[in-house]
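Report on the structure given below.
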Amino acid sequence: LKVLPNVLSWFVGLLYTLLCGTLVFLPGDDSRVGDHEAAQKVNDCHARPLEQDVTLTLRGGGPPDSKVQDDSPRLLPAPGWSEDPIESLTFETDHDLQKFVEQVKLLLQRELCDRRYNTMGNLLHFYRSYCGQAKPESLERFYCRYKPQVFEDGLSCVGLALHLSEELVRTFPGAAPFLVSCEEMVQDVDSYCRADPPDNSSIKEHVLVGLSVFVRNRNRKGIVVLDPGYHVALPVVVMEDGLPPHTGRFVQSNTSKSTKEYCYTSVPETAGRYMCWNVTEARAGNVKTWNNILYVGSDFKSALSYSEMRNLVYDFRTLVARDKRGPTAGVYCKLAEVNRNPIFTLFYVEQGNRRELKVPFCIFSSNFLAPEPDADVEAAIEECAAQVGMDVGEMIGILSGMAELYDNVDFVTELLDLNHRVDPSDA
Numbered sequence: 442l443k444v445l446p447n448v449l450s451w452f453v454g455l456l457y458t459l460l461c462g463t464l465v466f467l468p469g470d471d472s473r474v475g476d477h478e479a480a481q482k483v484n485d486c487h488a489r490p491l492e493q494d495v496t497l498t499l500r501g502g503g504p505p506d507s508k509v510q511d512d513s514p515r516l517l518p519a520p521g522w523s524e525d526p527i528e529s530l531t532f533e534t535d536h537d538l539q540k541f542v543e544q545v546k547l548l549l550q551r552e553l554c555d556r557r558y559n560t561m562g563n564l565l566h567f568y569r570s571y572c573g574q575a576k577p578e579s580l581e582r583f584y585c586r587y588k589p590q591v592f593e594d595g596l597s598c599v600g601l602a603l604h605l606s607e608e609l610v611r612t613f614p615g616a617a618p619f620l621v622s623c624e625e626m627v628q629d630v631d632s633y634c635r636a637d638p639p640d641n642s643s644i645k646e647h648v649l650v651g652l653s654v655f656v657r658n659r660n661r662k663g664i665v666v667l668d669p670g671y672h673v674a675l676p677v678v679v680m681e682d683g684l685p686p687h688t689g690r691f692v693q694s695n696t697s698k699s700t701k702e703y704c705y706t707s708v709p710e711t712a713g714r715y716m717c718w719n720v721t722e723a724r725a726g727n728v729k730t731w732n733n734i735l736y737v738g739s740d741f742k743s744a745l746s747y748s749e750m751r752n753l754v755y756d757f758r759t760l761v762a763r764d765k766r767g768p769t770a771g772v773y774c775k776l777a778e779v780n781r782n783p784i785f786t787l788f789y790v791e792q793g794n795r796r797e798l799k800v801p802f803c804i805f806s807s808n809f810l811a812p813e814p815d816a817d818v819e820a821a822i823e824e825c826a827a828q829v830g831m832d833v834g835e836m837i838g839i840l841s842g843m844a845e846l847y848d849n850v851d852f853v854t855e856l857l858d859l860n861h862r863v864d865p866s867d868a
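Counting from 442, one number per residue, gives the positions in the sequence shown under the working numbering.
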């Protein structure tokens, strides 16, 4: 009797395989199932550093004459930063700064709980706008003239950072939050940080929020970094002298699958204008580390026109609800699946254990040959939707919208081509 649920699960999976060409596995309770990579890397990072079959192409900047010349027209405008100096929030003592950081932590955690990370939503807005053109044109041409917006049902790291900045200004009079641009997986940190600000070859795929702080009685300077896009539930304090309340290394996530640690430090000899965000991840007995570089020298002015536009063509899409500890439930999918057999992976908590369910896109297709989902799948969708904080109809609308998008073969093919052209390392 104990094996009967698993036998039925595999039978249902086999049925869907015959109908859709994709295996669906309905897992039973499994304490080994932890947070999926997509739930931890909600900037839709294209690389998965600890998978053995993935080869990383790390970016490293370098002197201008060493860069690979690309004669193809630039798809995105050059990123830009404000010329105005960053304003600092002044505190009399370290204790005053620490009290402020605790207040910011409460605000940050409230934002994580109240706003979902959703890069399915912003892509669907983009797709519907493309399909609604009065005069059809190529996706490349449409993409180049598209004006991105912040959609409440499609918040990437950009939208989350903009919302958080507004809340900081509203809650703390005198605070001057600024947007921080981030280059992920930089190989040669010294070369990358030679330019000030970063040169036009950079791929600013992530956006955070910064607050410059100054402690008057000890003449100390620092920056508080807030990252709602990566679910970081604490303000990261980076003091120039590395002394308390400097955060230092901390555990960002610790699951049965992996442990991930973050450490933020100022990059030496950059006058505090660059920051290194070191990531160390242990998974399946392997430990790997890489560096992301933050430019904190001035306010990033191209969050929408550059970073959001870069996000729109990623082949990995995610919807994630969070609490004070991190991701709680959601769904993710990859548009570049082999043999065009994409699946949605729903994840949620059931009886205290993390559950995952893989469902083929074809279940949500408008194609008349699409099979009807069975009761187990329907129940899982309802539970996932409830934990994400959506009506089941809203969740199904998103999944159906993504399935419809994927059925447009020409659109997906062009989208994947744009993804590679915007960032050739994202192969």
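Just so you know, even glycine gets a beta-carbon here, dropped at the ideal spot from N, CA and C.
Exercise. Using the beta-carbon count (16 or more within 10 Å), is S807 buried or exposed?
Worked result: To locate residue 807, count along the sequence shown from 1; it is residue 366. S807 is exposed by the Cβ-count criterion.
| Cβ-Cβ distance between L760 and I644 below 8 Å | Your numbering for residue 760 matches position 319 in the sequence shown. Your numbering for residue 644 matches position 203 in the sequence shown. Not closer than 8 Å, so no.
### Query
Quick one, which of V737, S697 and P614 has its alpha-carbon nearest G726's?
Indexing the sequence shown from 1 puts residue 726 at position 285. Selected option, being the one with the closest Cα: S697.
- How do the segment 586–595 and the segment 562–578 stand: do at least 3 beta-carbon pairs fall below 8 Å, yes or no? yes
With a threshold of 16 other CB atoms inside 10 Å of the CB of A674, please say whether the residue is buried or exposed.
Along the sequence shown, read from residue 1 onward, the residue named residue 674 stands at position 233. Its Cβ being crowded by 16 or more others within 10 Å, A674 is buried.
#### Entry: For Q590 and D851, the rounded distance between their alpha carbons
In the sequence shown, residue 851 corresponds to position 410, counting from 1. In the sequence shown, residue 590 corresponds to position 149, counting from 1. Cα-Cα distance, rounded: 24 Å.
Based on Cα-Cα distance, which residue from Y571, F532, R551 and L601 lies nearest to E749? What you label residue 749 is simply residue 308 of the sequence shown in a count that begins at 1. Among Y571, F532, R551 and L601, the Cα nearest to that of E749 is on L601.
Any idea what DSSP makes of I822, helix, strand or coil? In the sequence shown, the residue the question calls residue 822 occupies position 381. I822: helix per DSSP, three-state reduction.
Proximity winner among D631, N559 and Q550, relative to M831 (alpha-carbon distances): Along the sequence shown, read from residue 1 onward, the residue named residue 831 stands at position 390. M831 has its Cα closest to that of N559, out of D631, N559 and Q550.
Within the segment 626–650, ranges of the alpha helix (DSSP H) (whole runs, at least 4 residues)
630–633
Original post:
Would L553 pass as a contact of H672 if the rule is Cβ separation under 8 Å?
Top reply: Here residue 553 refers to the residue found at position 112 when the sequence shown is read from its first residue. Here residue 672 refers to the residue found at position 231 when the sequence shown is read from its first residue. It is a contact, given that the beta carbons lie within the stated cut-off.
Exercise. Would F532 be called buried (16 or more neighbouring beta carbons within 10 Å of its own) or exposed?
Worked result: To locate residue 532, count along the sequence shown from 1; it is residue 91. The residue in question, F532, is buried, as its Cβ has 16 or more Cβ neighbours within 10 Å.
Worksheet item: What separation, rounded to the nearest whole angstrom, lies between the Cα atoms of N860 and R659?
Response: On the sequence shown, residue 860 is found 419 positions in, with the first residue counted as 1. On the sequence shown, residue 659 is found 218 positions in, with the first residue counted as 1. If you take the alpha carbons of N860 and R659, they lie about 48 Å apart.
Item checked: Integer-rounded CB distance, given that E681 should sit under 8 Å from G651 -> Working through the sequence shown from its first residue, we reach residue 651 at position 210. Working through the sequence shown from its first residue, we reach residue 681 at position 240. Incorrect: roughly 14 Å between the Cβ atoms, too far for contact.
- State the Cα-Cα distance for the pair V800 and P768, rounded to the nearest angstrom. Position 359 of the sequence shown, counting from 1, holds the residue named residue 800. Position 327 of the sequence shown, counting from 1, holds the residue named residue 768. Going from the Cα of V800 to the Cα of P768 covers about 20 Å.
Other residues of its chain near E710: CB distance less than 6 Å, five sequence neighbours each side excluded
Counting from 1 along the sequence shown, the entry for residue 710 is found at position 269. Cβ within range, chain order: n/a, list empty.
* **Between the CA atoms of I527 and D629 - distance to the nearest angstrom** => For the purposes of this step, residue 629 is taken as the residue at position 188 of the sequence shown. For the purposes of this step, residue 527 is taken as the residue at position 86 of the sequence shown. Looking at the two C-alpha atoms, the distance is approximately 26 Å.
- D470 to G793, Cα distance in whole Å? Residue 470 sits at position 29 when you count from the first residue of the sequence shown. Residue 793 sits at position 352 when you count from the first residue of the sequence shown. Any answer about D470 is weak, because its pLDDT of 33 lies below 50 and its placement is not dependable; what the coordinates show is given next. So the two alpha carbons sit approximately 9 Å from each other.
* Nearest-angstrom Cα separation, counted from L517 out to S699 -> Locating residue 699 in the sequence shown gives position 258, counting from the first residue. Locating residue 517 in the sequence shown gives position 76, counting from the first residue. About 35 Å.
Can you grab the Cα-Cα spacing for the pair S642 / G670, in whole Å?
-> Here residue 642 corresponds to residue number 201 of the sequence shown, with the count starting at 1. Here residue 670 corresponds to residue number 229 of the sequence shown, with the count starting at 1. If you take the alpha carbons of S642 and G670, they lie about 23 Å apart.
message = I'd like the list of long-range same chain contacts for D525, defined as Cβ closer than 8 Å, with 5 residues on each side in sequence excluded.
response = As a first step, residue 525 must be located in the sequence shown, where it is residue number 84. Contacts found: S739 and D740.
Restricting to runs no shorter than 3 residues, where is the beta strand (DSSP E) found entirely within the segment 773–809?
784–791 and 794–801
Keeping to the same chain, check which residues put their C-beta closer than 8 Å to that of A827; ignore five residues upstream and five downstream.
Translated into the one-based positions of the sequence shown, residue 827 becomes position 386. Result list for A827: V833, in chain order.
| said: Using the three-state DSSP reduction, which class does D476 fall into: helix, strand or coil? | reply: In the sequence shown, residue 476 corresponds to position 35, counting from 1. Low local confidence applies: a pLDDT of 36 at D476 is under 50, so the model's placement there is unreliable, with the coordinate-based value given in what follows. In this structure, D476 counts as coil in the three-state DSSP scheme.
Check: In the DSSP assignment, what residue or residues form a beta bridge with M716?
Finding: For the purposes of this step, residue 716 is taken as residue 275 along the sequence shown, with counting starting at 1. Partner(s): S707 and L735.
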